[in-house]
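Residue numbers in the sequence shown follow my numbering, run continuously in steps of one, and reach 389 at the last position.
Positions of the beta carbon are idealized from the N, C-alpha and C atoms, including for glycine.
Treat the numbers as computed from the prediction; the structure is a model and nothing was measured.
Here the structure comes first, spelled out in structure tokens, and everything after it is commentary.
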Amino acid sequence: MRLFFDEYDSTLISRISIQGDSIKVKAIYKGTLQAADRSYGKITLSDVKVLTDGAWKDVDGVAQFQLSDEADISAAGYEVLPNNLKYFRGKTAYLAVRDFFGNDRIYRMVIKNQSETMVSGKIEDINWYFGALELSTKQNISFNDGTIFIKNGRIVDKYSINPDSDALIVADGASGQSTADIVYIYDEDINNSGISQNFLLAGRLDEIVENQLTLTDFFILNKHEWESFDGDKKLYFDDDTYFYDLEDKRQISRKEFYSEDYAVDETSKYAKDKGLRDWYGYMYTEGDRIVAVAVKKRMDSLLAQRITVGTVESVEDDPLTGITLTVKDARDWSSRKDQWMPKTQPVRMSIDRSIVIKENKVISYEDIRPGDTVYGIRDDFYCKILFVK
1 MRLFFDEYDS TLISRISIQG DSIKVKAIYK GTLQAADRSY GKITLSDVKV LTDGAWKDVD
61 GVAQFQLSDE ADISAAGYEV LPNNLKYFRG KTAYLAVRDF FGNDRIYRMV IKNQSETMVS
121 GKIEDINWYF GALELSTKQN ISFNDGTIFI KNGRIVDKYS INPDSDALIV ADGASGQSTA
181 DIVYIYDEDI NNSGISQNFL LAGRLDEIVE NQLTLTDFFI LNKHEWESFD GDKKLYFDDD
241 TYFYDLEDKR QISRKEFYSE DYAVDETSKY AKDKGLRDWY GYMYTEGDRI VAVAVKKRMD
301 SLLAQRITVG TVESVEDDPL TGITLTVKDA RDWSSRKDQW MPKTQPVRMS IDRSIVIKEN
361 KVISYEDIRP GDTVYGIRDD FYCKILFVK
């Protein structure tokens, strides 16, 4: 539920939005409507294309799609009943399909009214009264009840969209007047909601005792960029914390973590005689409690890392690189442009030495499925931490 107020300090609610369950999208298609079989709930499209890596790519010459029982069909913002689809033969249709026991089912469908334009940019403001998006380029694009909004790989209602989001918009219009048929939000984060308090930190392990550690010269991932902090940071762990040694490529116990030489007094004779130095680590936390920690002998070059988001296309055990993901619809975060930059080709990344996290738990690569939305921190080909949505 979201509450809206007309003024900052007002206690009077002007609008209440109840957000229902979102629907995971398998694919977005477009094609020319050729036939609609009312009896079996099927439609036939020709010149079928799929939206992949920010562009329409050919799929089939002709294809049939099944309407789901709750399919929402619209044209120019108005509802279209399935038995009236025959009047739109020859028109371009956009389909948002979901997986239904291994089969594609149409969940949302929009009939194009005029001509298509694809726009990619940052949403600077949203006018809810007039139903319009203002982009950072000062271009205004309207939206209506038929507009398909997609965020985190799911169909969401319009009130789930926020200013300062990067988006790919498939617009419909002419003479400078455009209406969005599809708004595909690029934004991803390690938090699944605006009220989550999860953090990703990196730094030197200065001290470790039975239930806590002290980080020094640490970094926090803030809005897709590593932000450095001087001083120390105390974090806490317990028996449910996941501990991983990146050098030995193995999970370790809590006792091993605090009793082995992952943090030492570098000035001591013991450390000098054995050539010991503090290790470094990545820590995923819920508040100050560590959910998972991965440790290594040397600090990675954090400034050289990339943040990549997208949709899993495949997971394979490559004989040369180990467990490798292929991610389609991939975007890299650009700190210089302060926005997500779409990739024109799928991105491959190795997760053989990664910690994979889903719903605040460490999971195996075997639990990753094609169609999952991922957020990865990677050093070129090698992913360090992967979040699965």
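Endpoints, the beta strand (DSSP E) within which residue i is located
i	result
Phe101	Looking at the DSSP string, Phe101 is not in any beta strand (DSSP E), and its letter there is neither H nor E.
Tyr242	242-245
Lys151	148-151
Leu303	Taken as a continuous stretch (DSSP letters only), Leu303 belongs to no beta strand (DSSP E), as it is neither H nor E.
Gly322	322-334
Asp60	55-75
Thr344	Taken as a continuous stretch (DSSP letters only), Thr344 belongs to no beta strand (DSSP E), as it is neither H nor E.
Ser364	Careful: Ser364 lies outside any beta strand (DSSP E) and carries neither H nor E.
Val374	373-379
Ser142	140-142
Val156	154-156
Run of the alpha helix (DSSP H) containing residue i, from where it starts to where it stops
i	result
Arg250	No alpha helix (DSSP H) holds Arg250; the beta strand (DSSP E) holding it covers 250-252.
Tyr129	No alpha helix (DSSP H) contains Tyr129, which DSSP labels as neither H nor E.
Ala271	269-274
Contact set for residue i: own chain, Cβ-Cβ below 7 angstroms, skip 5 residues either direction
i	result
Asn113	Ala75, Ala76, Asp172
Glu313	Thr326, Val327, Lys328, Pro346, Pro370
Asp261	Leu276
Leu302	Ala202, Phe219, Trp226
Glu247	Lys296, Lys297
Ile195	Annotation note: pLDDT 48 at Ile195 (below 50); position unreliable, no value reported.
Ile208	Phe257, Tyr258, Tyr262, Ala263
Ser46	Gly31, Thr32, Gln34, Gly61, Val62
Thr52	Lys328, Asp329
Asp125	Glu134, Pro163
Glu286	Gln197, Asn198, Asn360
Ala271	Val264, Asp265
Asp380	none
Residues sharing a beta bridge with residue i, DSSP
i	result
Ala36	Ile43
Phe218	Phe229
Ile208	Leu213
Leu201	Ile220, Met283
Gly31	Ala93
Ala171	Thr117, Ala180
Gly294	It should be noted that the sequence gives Ala, not Gly, for residue 294. According to DSSP, which records beta bridges pairwise, Ala294 is partnered with Tyr244, Tyr282.
Arg108	Asp72, Ala96
Lys464	Any answer about residue 464 is impossible in this case: the structure gives the chain only from 1 up to 389.
Ile385	Ile355, Ile377
Val312	Val327
Ser165	Ile123
Glu134	Asp125, Asn140
Arg289	Tyr236, Glu286
Glu256	According to DSSP, which records beta bridges pairwise, Glu256 is partnered with nothing at all.
CB contact flag (residue i, residue j, <8 angstroms)
i	j	result
Leu168	Ile106	no
Val390	Asp37	No answer is possible for residue 390: it lies beyond the span of the chain, which begins at 1 and ends at 389.
Arg289	Tyr236	yes
Leu85	Ile141	no
Ile307	Asp338	no
Gly121	Ser136	yes
Val309	Val374	yes
Val291	Tyr242	yes
Asn198	Ile185	no
Thr143	Thr179	First, the amino acid is wrong: residue 143 is Phe here, not Thr. Cβ distance < 8 angstroms, so Phe143 and Thr179 count as in contact.
Tyr78	Val50	no
Thr311	Asp318	no
Asp238	Asn211	yes
Thr214	Lys234	yes
Other residues of its chain near residue i: CB distance less than 8 angstroms, five sequence neighbours each side excluded
i	result
Pro82	Ala36, Arg38, Gly41, Leu67, Ala71, Ile73
Ser334	Trp340, Met341
Thr344	Asp53, Gly54, Ala55
Asp278	Arg204, Leu205, Asp206, Tyr262, Ala263, Val264, Glu266
C-beta neighbour in chain B for residue i, strict 8 angstroms
i	result
Ser253	In summary, chain B is missing from the structure at hand, where a single protein chain is found.
Residues near residue i by beta carbon distance below 6 angstroms, same chain, minus five either side
i	result
Arg98	Ile23, Lys26, Arg105, Tyr107
Ile111	Ala75, Phe88, Lys91, Ala93
Thr321	Ser350
Leu221	Leu200
Glu188	Val309, Tyr375
Asn127	none
Ser115	Ala174
Lys255	none
Gln251	Tyr244
Lys389	Asn152, Thr373
Tyr382	Ser350
Ser165	Ile123, Ile185, Asp187
Legend entry - Cβ contact (3+ pairs, closer than 8 angstroms) linking the region 348-360 and the region 281-301: Short answer: they touch.
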